[in-house]
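S.K.:
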Amino acid sequence: MAVNHSPKSSTSTPRSMNVGHQQTQSDTNLPLLVQDDDLISIFDKRCTKRQRPNSPLSPSGNRNEDCINDLKDMLLSFQKEQSTILQKLVTDVHEIKSSKNEQSTILNKLISDISEVKQQNCQIQKTNDELGKKIEIVNNNFDHMKLQIESLQKDKTEYTRKMQQLENKIRDLERSSRPSAIEIKNVPQKTDESPEDLKSTLVKMSEIFSVPLKSSDIRDAYRFPGKPGTIKPIVAEFTSVPTKLNFLAAAKAFNRKRSLQDKLNTSHLGYLDVCSPVYVVEYLPGSMRKLFYLAKEFSKANNFKFCWSSNGRILIQKNEQSKAIHIKNEEVLDETLHQM
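All residue numbers for the sequence shown refer to full-length UniProt numbering, where the first residue is 1 and numbers rise by one.
Put into structure tokens, the structure is as follows:
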């Protein structure tokens, strides 16, 4: 029996090509770092397998060769790109490592610096603590000294007040010890001068003033100590305060009536070889004498018209209309100056 063979199905060839296509797709997943020669050898083998002379769908030899060349170029280009990328990655890795080393070095240096700073801070803190303790001690000492100074200032104020009181008492005692004494300035001193000679001079002056005075009205007369080479003043103590006051008033009245050239001078007392003014004033003790000098200087500097002493009291007056100011001490002069 004859057997009819059906023609071969044309689907075999497509199936074969489909298998080849699947193999090509799976082979493209090969590692990217395959060498060039290996890649070429693999593609040559695959292309040889695909050549089937008896298949009606098999391409010609030239077409296969072009395909192979295109694939080779594509893979070579891909391989070069991968190599370039890999090289860049390697370079970046080296740079990262180098940067990491630098950063490690910098970090180590920073750690060392921070440790040194910490040590310095600890030392500074220790020094500050010591300084704080010393400052506290100084503050305590300062507070103690401040209290002592305040106490001393209070004591000084009290002592100053008491000293002022004592000075005033001494002035009062000195003034009361010689309440009837006067002082005569600028009378020439005679050779071997005695108290009686001085009393005679006073009696002669009373005759000039037209005031009655006897030698017995004078308790004592002497020269007051003075600087060498100067005329020492005469101090005369009367037996009573009224006698003193009458003598002083007569002397002032005598000078008030005369011109400057004719006021009481040495020629009135018989000293014809010299003509110097003679001053008759109230006697003041040493402490009052200095105060009287300051009062006169104050009067000149501040245009006070009058400065005089009466019964041991020093007074200044701006003019005839103003009130007289009793100068008890230097503080009164300061207060008067501030009130001007």
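Quick reminder that beta carbons are idealized off the backbone N, C-alpha and C, glycines included.
Who are the near neighbours of A324 in its chain, counting only those whose CB is closer than 8 Å to its CB and skipping five residues on each side?
M.R.: Within the same chain, A324 has close Cβ partners F306, L315, I316 and Q317.
S.K.: Start and end of the alpha helix (DSSP H) containing V281?
M.R.: Note, V281: premise wrong, no alpha helix (DSSP H); beta strand (DSSP E) at Y279 to E282.
S.K.: Can you look up K88 in the DSSP assignment and give me helix, strand or coil?
M.R.: Three-state DSSP puts K88 in a helix.
S.K.: Taking the straight line between their C-alpha atoms, what separation do you get for H326 and C275?
M.R.: In a straight line, the C-alpha of H326 is about 35 Å away from that of C275.
S.K.: Anyone know if the C-beta pair for N168 and V278 falls short of 8 Å?
M.R.: In this structure, V278 does not lie closer than 8 Å to N168 by Cβ.
S.K.: Measuring alpha carbon to alpha carbon, tell me which of G312, S267, S259 and Y271 ends up nearest S287.
M.R.: That would be G312, whose Cα lies nearest to the Cα of S287.
S.K.: Figure out for me which residue from P179, L337 and Q79 has the closest Cα to the Cα of E237.
M.R.: The residue with the shortest Cα to Cα distance from E237 is P179.
S.K.: Going by beta-carbon coordinates alone, are K199 and S215 separated by less than 8 Å?
M.R.: Yes. Within cutoff.
S.K.: Pull up the distance between the alpha-carbon of F292 and that of K146, whole angstroms please.
M.R.: Distance between the alpha carbons of F292 and K146: 40 Å.
S.K.: Helix, strand or coil, according to DSSP, for V187 in the structure here?
M.R.: It is coil, neither helix nor strand.
S.K.: If you compare alpha carbons, which of T230, K300 and E196 is closest to D217?
M.R.: Per the Cα distances, E196.
S.K.: How long is the line joining the alpha carbons of Q35 and E116, rounded to whole angstroms?
M.R.: Only weak support is given to the placement of Q35: the predicted model assigns it a pLDDT of 48, under 50, and the value that follows is read from those uncertain coordinates. Taking the straight line joining both Cα atoms gives about 57 Å.
S.K.: Based on the DSSP output, what are the partners of E81 in its beta bridges?
M.R.: The partner list for E81 (beta bridge, DSSP) is empty, contrary to what the question assumes.
S.K.: Which residues mark the beginning and the end of the beta strand (DSSP E) in which E335 is found?
M.R.: Segment E330 to Q339 is the alpha helix (DSSP H) holding E335; no beta strand (DSSP E) there.
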